[in-house]
Amino acid sequence: MKCCRIDAVVTVDSKGQIVLPKDVREKIKLKPNDKLAIISCGLENEKCCLIVVKAENLGNSIKGFLRPILREV
3 MKCCRIDAVV TVDSKGQIVL PKDVREKIKL KPNDKLAIIS CGLENEKCCL
53 IVVKAENLGN SIKGFLRPIL REV
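Just so we're aligned: the sequence shown equals residues 3 to 75 in our numbering.
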């Protein structure tokens, strides 16, 4: 897939939290208190993927971003 790639592999801790690596945060210009939308993909009862998007980017532009990804699923 040309539009997406794996930027990091993170571990979920015992509290269910993850840390986004600094280079990933810088790449998407993520600042303290920014909101993130977590979108799950997959079948009704069998979710396999999560997509994390800055909440300010949700809207019509997100349709264009997700279209090639969802086509692959």
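Built from N, CA and C at the ideal position, the CB exists for glycine as well.
From this set, the options, which residue's C-alpha is nearest residue i's C-alpha?
| i | options | result |
| --- | --- | --- |
| K49 | A57, I40, T13 | I40 |
| K29 | I20, L60, V55, P70 | V55 |
Please list, in chain order, all residues of the same chain as residue i whose beta carbon is under 8 Å from its beta carbon, the five residues on each side excluded.
| i | result |
| --- | --- |
| L60 | A39 |
| K37 | K56, A57, E58 |
| L52 | I40, I41, S42, C43 |
| L45 | none |
Using C-beta distances below 7 Å, list every residue in its chain close to residue i, excluding the 5 sequence neighbours before and after it, in chain order.
| i | result |
| --- | --- |
| V14 | I20 |
Tell me which same chain residues have a C-beta within less than 6 Å of the C-beta of residue i, skipping the five on either side of it?
| i | result |
| --- | --- |
| S16 | none |
| D9 | V26 |
- prompt: Which full runs of the beta strand (DSSP E) of 3+ residues lie inside the stretch 6-61, going along the chain?
  reply: Scanning the stretch 6-61 from its first residue to its last, the whole beta strand (DSSP E) runs of 3-plus residues come out as 38-45, 48-56.
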